[in-house]
Amino acid sequence: MKIELPELQYSYDALEPYIDEETMKIHHTKHHKKYVEKYKAAVQDTELEGKPLNEIFPMISKVPFPVASNGGQVYNHNLFWRSMAPGSKKEPEGALAEAITKEFGSFDTFKEKFSEIAATQFGSGWAWLISNDGKVSITSTSNHINPLMDIAETRGKPLFCIDVWEHAYYLKYKNKRPDFIKAFWNLVNWTGIELRFEQK
Ligand code: MN
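Numbering of the sequence shown is given in the numbering used here, commencing with residue -4 and proceeding in unit increments.
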């Protein structure tokens, strides 16, 4: 598996007005790109070079910190970009919709709980919808951590995530992280997330 900066499946201005073009451009071409470069430098000429991230994450506590931190950020950003799409439908359907309703009672309750967890994650980090054998749950992680890592408090298969590092929203939303989270719901790529949920 080659670690590269992925091309986005939409243009930098495609998520306007919810996420502005400048934020997208800097986030992808500066922040994400730097994580990729630092990861490649950290694994170069080591036994971890060329190893898939999903094989490294379950033993992340045993690898050097630059591998863990940058590797986590590479994966997390890849999923974040794929968690969004312009013109998304507003709610999931099918098996994912049923799993969410079963767990949270309603889609609106799920959204409220996810928003709350994302808003209250202390400092830099991520909020996630994950699944374990078809059961969905919400979790948040700090810094570079993700639910595939052995150090995560709650583990599971990531379905989608939101980046709540300040660099994800500060240009447009300043310190108002809850406003960014509210805007994010207009972008959630439910069609792609349904597919990820159904993949074994
Ligand atoms: Mn980020």
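Each residue gets a CB set at the ideal place from its N, CA and C atoms; glycine is no exception.
### Inter-residue spacing [alpha-carbon to alpha-carbon] between Glu17 and Thr134
29 angstroms
### Query
Just reading off the beta strand (DSSP E) that Asn184 is part of, what are its end residues?
That residue, Asn184, is in no beta strand (DSSP E); it is neither H nor E in DSSP.
### Three-way DSSP call (helix, strand, coil) for Ser126 in this model
Three-state DSSP puts Ser126 in a strand.
### Query
Would Met19 be called buried (16 or more neighbouring beta carbons within 10 Å of its own) or exposed?
buried
#### Entry: Ser64 (DSSP reduced to helix, strand or coil)
helix
### Query
Would you say the beta carbon of Trp160 comes nearer than 8 angstroms to a heavy atom of the ligand MN?
It does: the Cβ of Trp160 is within 8 angstroms (strictly closer) of some heavy atom of the ligand MN.
#### Entry: Contact with chain D by Thr136, beta-carbon distance below 9 angstroms
Absent from the structure: chain D. Only one protein chain is present.
#### Entry: Selection from Lys167, Lys130, Asn138 that minimises the alpha carbon distance to Lys195
Lys130
### Query
Do you know whose CA, among Gly45, Lys35, Tyr34, Ser64, lies nearest Ser119's CA?
For the residues Gly45, Lys35, Tyr34, Ser64, the minimum Cα distance to Ser119 belongs to Ser64.
### Identity of the residue in Ser6, Glu42, Glu(-1), Asp174 nearest His27 by Cα
Glu(-1)
### Query
Is Leu154 helix, strand or coil when you go by DSSP?
strand
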